[in-house]
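Once you know that position 99 of the sequence shown is 217 in the working numbering, the rest is easy, because the numbers rise by one and skip nothing.
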Amino acid sequence: MSLALHGIGVSKGIAIGRVHIIHREPVEINEYCLPEQHIEDEVARFENALAIAREQLLHISTRIPKDTTVDIATLIDAHLLMLDDSLLTKVPIDLIYKHQCNAEWALKMQCDTIVQIFEKMSDPYLSARKNDVEQVVTRIQRILHGYTDIPYEPTEALANTIVLADDLSPADTVFMQHHGILAFATEFGGSTSHTAILARSLGIPAIVGLRRIRPYIQPDDLLIVDGFQGVILVTPNERSLRYYRMRQREQKRYRVTLGKLKTTPTITIDGTPITLHANIEFPEDMIAVKRAGGEGVGLYRTEFLFMNRQQPPDEEEHFDAYRRVIQSLKGGPVTIRTLDLGADKQIVDSRHEGPLATNPALGLRAIRLCLKDQKLFKPQLRAILRASALGKVRMMIPMVCGFQELVQIDNIIKEIRDELQSKSQTFDPDMPFGVMVEVPAMAICSDLVTPHVDFLSIGTNDLIQYTLAIDRGDEAVNYLYDPLHPAVLRLIKMSIDAANKTGKPISMCGEMASDSRYIRLLLGLGLRSFSVNPEDFLEIKRVINNSNMNGLEPLAHQILEMSSQIEIINLLETINA
Ligand code: PEP
Ligand code: MG
Numbered sequence: 119m120s121l122a123l124h125g126i127g128v129s130k131g132i133a134i135g136r137v138h139i140i141h142r143e144p145v146e147i148n149e150y151c152l153p154e155q156h157i158e159d160e161v162a163r164f165e166n167a168l169a170i171a172r173e174q175l176l177h178i179s180t181r182i183p184k185d186t187t188v189d190i191a192t193l194i195d196a197h198l199l200m201l202d203d204s205l206l207t208k209v210p211i212d213l214i215y216k217h218q219c220n221a222e223w224a225l226k227m228q229c230d231t232i233v234q235i236f237e238k239m240s241d242p243y244l245s246a247r248k249n250d251v252e253q254v255v256t257r258i259q260r261i262l263h264g265y266t267d268i269p270y271e272p273t274e275a276l277a278n279t280i281v282l283a284d285d286l287s288p289a290d291t292v293f294m295q296h297h298g299i300l301a302f303a304t305e306f307g308g309s310t311s312h313t314a315i316l317a318r319s320l321g322i323p324a325i326v327g328l329r330r331i332r333p334y335i336q337p338d339d340l341l342i343v344d345g346f347q348g349v350i351l352v353t354p355n356e357r358s359l360r361y362y363r364m365r366q367r368e369q370k371r372y373r374v375t376l377g378k379l380k381t382t383p384t385i386t387i388d389g390t391p392i393t394l395h396a397n398i399e400f401p402e403d404m405i406a407v408k409r410a411g412g413e414g415v416g417l418y419r420t421e422f423l424f425m426n427r428q429q430p431p432d433e434e435e436h437f438d439a440y441r442r443v444i445q446s447l448k449g450g451p452v453t454i455r456t457l458d459l460g461a462d463k464q465i466v467d468s469r470h471e472g473p474l475a476t477n478p479a480l481g482l483r484a485i486r487l488c489l490k491d492q493k494l495f496k497p498q499l500r501a502i503l504r505a506s507a508l509g510k511v512r513m514m515i516p517m518v519c520g521f522q523e524l525v526q527i528d529n530i531i532k533e534i535r536d537e538l539q540s541k542s543q544t545f546d547p548d549m550p551f552g553v554m555v556e557v558p559a560m561a562i563c564s565d566l567v568t569p570h571v572d573f574l575s576i577g578t579n580d581l582i583q584y585t586l587a588i589d590r591g592d593e594a595v596n597y598l599y600d601p602l603h604p605a606v607l608r609l610i611k612m613s614i615d616a617a618n619k620t621g622k623p624i625s626m627c628g629e630m631a632s633d634s635r636y637i638r639l640l641l642g643l644g645l646r647s648f649s650v651n652p653e654d655f656l657e658i659k660r661v662i663n664n665s666n667m668n669g670l671e672p673l674a675h676q677i678l679e680m681s682s683q684i685e686i687i688n689l690l691e692t693i694n695a
């Protein structure tokens, strides 16, 4: 029987394929006593789980793509070594005998003991090994529970499948990018979560917020994912398959038509030139940027270099990534955003572990983390400055709240410039320095901050989250996530006006800029520069090239005076018609 299930479509497109279910939820571990005669069997079950874990890791290590951006090989080697260590192989068996308990419980007891020892270590490197132990133990526990899939790591089993998971972190999504998955669907997650953004930039259809979907889907079921409508069809009938295959063909044709815009300039009907750049997460994303005819990067999210690895990247690794982007741009500009870790973009690094933050999005994130942990920040700043000698580089800081942070950043940059100069390392002394407008405080004070920076870029994903007090990753409040909320529009307008008054460039790199419905409104509000997902690049160019500035400004002003969202939507529909 076919079934339609509804969620939030976060990445457009249609995919038809078999489902690959990823069990990510933590396994529940209970203790039970075993009769004497079953102890040997339990030991054998544990040893078998160890053997499967070893097999899984060896399998993965032979299939790591050569161009992978994360240091998976070292991680896997470390895990394999642990599987040979008596602390994890012999002691749990002793515990099974001693307590006559199940293997899961014996392993848990031993894991707790090891973790406690690691936690007492002051050496950050050694204490970080705790994560490895936990990951290896989780792998064994999952095997003991009968889960045979390999989450988190690259596997060819994912190729040409539709991945279904309870939730996917941005780090998981990064792992998936190499594996030719057709689409993904999750039970949790919001439309501007970083996972959703990655799906869009990878160009794979995705649906999130499919609450309680799992009982309806069996491994290997045939699914249709409609990322436009946020609908999943489970075991679809022939008629649905025919319809969606036809839609896929139409989509393909439309993309071919859009491709014709690749070399045309971005300019409105009345001749207003517009800057259109692309957002990237990895140097490899430049392939998609080039495919769309993009000549500049308006947002390079560098924090993805930190994910799925034990040690943060060093200066050379940063530099190498930036160099690759700069070279591929052949003189085009790149705005390198300093790392924005924290909130949903966590790293495997125990240095920042402590009690879990109650509100991670309001906690030690982005520039706050960088100013606190300058060992993380300075190598990146050095690399950006050095990269500025190679091309048109701009440096951008995320989540700045006001002037005081700017003073702190400025002092660090001065220090680094002196250091580079003393080593005769070259950099662009005039490299533009800008900030993101993604905290309401920044938008409200934009007139005060603008004189001290070279440019601004509006990050609507966070600006909306913080203005409307809704977690961008939480599907339960997704219905409140509204770029057209009068408060959001007014903050955008304030920022544009502040920048225009001082003649400082302002752009928008949040997802609102990648949504064709908002382009004319933003043009009317005075915005002349956009940075968008490579996948949406040509569609946005099409809308801009079909827009006439005449009359857009008064209509945008009319919208700014409206309190009812229905009225706003209705007027916007007229503008877009
Ligand atoms: C934003 O907040 O709009 C933005 C572009 O940054 P990120 O999505 O990486 O938080
Ligand atoms: Mg942001």
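All residues carry an ideal CB built from backbone N, CA and C; glycine is no exception.
- Assigned with DSSP and collapsed to three states, M200 falls in helix.
- Distance between S540 and T420, taken at the CA atoms: about 27 Å.
- Taking the Cα of N694 as reference, the smallest distance to any Cα among L645, D633, S647 is reached at D633.
- Distances between the C-beta of M554 and the heavy atoms of the ligand PEP include at least one below 8 Å.
- Beta-bridge pairing by DSSP links Y418 to I398, I454.
- When beta bridges are read from the DSSP output, P391 appears opposite I385.
- Using a C-beta cut-off of 8 Å, the segment 371-388 makes no contact with the segment 158-167, since fewer than three inter-stretch Cβ pairs fall below that distance.
- Collapsing the DSSP output to three states places K510 in coil.
- Cβ-Cβ distances below 8 Å link I687 to L602 in the same chain, with the five nearest sequence neighbours on each side left out; the list follows chain order.
- Residue state for T353 is assigned as coil, using DSSP reduced to three classes.
- Checking the DSSP bridge columns, you'll see K463 partnered with G460.
- Assigned with DSSP and collapsed to three states, H263 falls in coil, not helix or strand.
- With a cut-off of 8 Å on Cβ pairs, the segment 445-457 is not in contact with the segment 602-613, counting fewer than three such pairs.
- Cβ-Cβ separation between F236 and E593: approximately 35 Å, too far for a contact (criterion under 8 Å).
- Distance from the CA of V254 to the CA of P623, rounded to the nearest whole angstrom, comes to 49 Å.
- With a cutoff of 8 Å, N579 counts as near the ligand PEP, since its C-beta is closer than that to a heavy atom of the ligand.
- Look at G481: its beta carbon is at least 8 Å from all of the heavy atoms in the ligand PEP.
- Taking C-beta atoms as the reference points, A479 and L459 fail to come closer than 9 Å.
- Pairing G642 with M667 gives a Cβ-Cβ distance under 9 Å.
- A distance below 9 Å separates the beta carbons of G348 and G125.
- Listed as beta-bridge partners of F648 by DSSP are L394, M626.
- For C488, the number of other beta carbons within 10 angstroms of its own is at least 16, and it is reported as buried.
- For the set L340, K226, I132, the Cα lying nearest the Cα of I322 is the one of I132.
- In summary, C151 is exposed, with fewer than 16 beta-carbon neighbours lying within 10 Å of its beta-carbon over all protein chains present.
- Between V557 and M517, the C-beta gap is smaller than 9 Å, which places the two residues in contact.
- Below 8 Å, too few C-beta pairs join the segment 674-682 and the segment 585-600 to call them touching: fewer than three.
- Using a C-beta cut-off of 8 Å, the segment 355-374 makes no contact with the segment 625-640, since fewer than three inter-stretch Cβ pairs fall below that distance.
- If you draw a straight line from the Cα of Y215 to the Cα of D195, it is about 30 Å long.
- In this structure, the beta-carbon distance from A283 to F655 does not fall below 9 Å.
- Taken through DSSP and simplified to helix, strand or coil, C563 comes out as coil.
- As the crow flies, the alpha-carbon of E653 is around 34 Å from that of Q174.
- If you check the C-beta of C488 against the ligand PEP, you find no heavy atom less than 8 Å away.
- A distance below 9 Å separates the beta carbons of I530 and F495.
- Its Cα nearest to that of P430, the residue K493 stands out among D230, L586, K493, W223.
- Taken through DSSP and simplified to helix, strand or coil, G127 comes out as strand.
- Put simply, of N618, N663, F545 the residue whose alpha carbon is nearest the alpha carbon of I637 is N663.
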